[in-house]
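Scroll down for the structure; my scribbles are underneath it.
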Amino acid sequence: MANNILRHLALIMDGNGRWAKRRGLIRTRGHERGAEVIRDITKYCAEHDTIETLTLYAFSTENWKRPKYEVDFLMRLLDRWLEKELPTYHKFGAKFETIGNIEVFSPKLQRRIAMVKEETKHYTNVTQIMALNYGSREEIVRAVSRLNRKGEEVTEESLSRELDSPYSDIDLLIRTSGEQRISNFLMWQISYAELFFTDTLWPDFTPRELEQIIAQFIDRDRRFGGV
Ligand code: IPE
Ligand code: IPE
Ligand code: MG
């Protein structure tokens with residue numbers, strides 16, 4: 250009987266637009282609702298015994314292809330959300346981190362991100378990493394370029410260290426909304442992750458469903474190439 254330990258959970262939060270459309274609402278209402286779910290899931294992870302890291306896919310390098318009004322809305326939503334949620338990071342003892350290239354964001358948003366990171370850096374219940382303007386290919390290319398500039402040999406260890414996310418490998422990756430693809434998320438770090446796909450749209454995802462998925466994860470037979 251397997252007894253896997255979940256340390257690093259990653260989530261592709263997908264389906265906000267469809268959630269809104271089904272209700273006859275504009276897509277941005279789905280993003281607003283989806284942002285609320287992040288709080289519940291972060292609380293669950295902070296209280297969970299073994300989860301150390303929660304990585305959330307919030308905005309991909311490909312999401313710039315969306316209509317300008319939606320991209321602008323998502324940027325404003327992030328800013329407002331971080332402002333409003335800072336007290337809950339304190340309450341849950343959650344440390345905020347990001348991966349992805351945030352240098353292209355507005356100075357105001359960059360300052361907000363830096364402020365929340367600074368204010369929460371001492372917390373240890375869970376590290377919540379938001380993937381913002383994140384793309385796995387871009388992350389790997391940037392890491393290799395840095396190693397080249399430093400004249401360092403590219404090895405699995407050195408490359409892992411140079412990634413935006415020098416965190417542990419991912420144990421469990423969940424994607425909501427029924428899509429069964431990776432969409433350029435953490436391709437290096439999911440090499441041996443267990444993958445779960447649920448039809449639930451992100452705004453309807455609950456800690457209860459997460460708990461059910463974790464129960465299945467614990468029983469999976471993870472062999473890592475062994476027997
Ligand atoms: C995920 O929901 C949120 C982001 C990508 C920002 P979507 O906006 O992709 O929702 P669907 O997939 O169109 O339903
Ligand atoms: C992946 O969702 C990115 C995020 C959840 C932030 P998308 O909705 O952008 O992915 P595709 O386009 O369906 O692959
Ligand atoms: Mg989508």
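Its first residue numbered 250, the sequence shown is counted upward by one per residue in my numbering.
Note that the Cβ used here is the ideal one computed from N, Cα and C, for glycine as well.
With a cutoff of 8 Å, Ala-259 does not count as near ligand 1, since its C-beta is closer than that to no heavy atom of the ligand.
Look at the beta carbons and you see the segment 256–270 touching the segment 417–432: at least three pairs across the two are nearer than 8 Å.
For Glu-346, the closest alpha carbon among the candidates Leu-408, Lys-366, Ser-426 is that of Lys-366.
If you draw a straight line from the Cα of Cys-294 to the Cα of Trp-268, it is about 24 Å long. Here Pro-456 is not near Gly-283, since their CB atoms are 9 Å or more apart. Contact between the segment 320–329 and the segment 392–407 is absent, with fewer than three C-beta pairs closer than 8 Å.
Less than 9 Å divides the Cβ of Ala-442 from the Cβ of Asp-418.
Here the alpha carbons of Thr-299 and Thr-373 stand approximately 12 Å from one another. With a cut-off of 8 Å on Cβ pairs, the segment 302–311 is in contact with the segment 369–387, counting three or more such pairs. 9 Å or more divides the Cβ of Arg-272 from the Cβ of Thr-302. Burial check for Arg-469: the Cβ neighbour count within 10 Å stays below 16, so the residue is exposed. Residues Asn-433 of the same chain have their beta carbon placed closer than 7 Å to that of Arg-386, with the five preceding and five following residues left out of the count.
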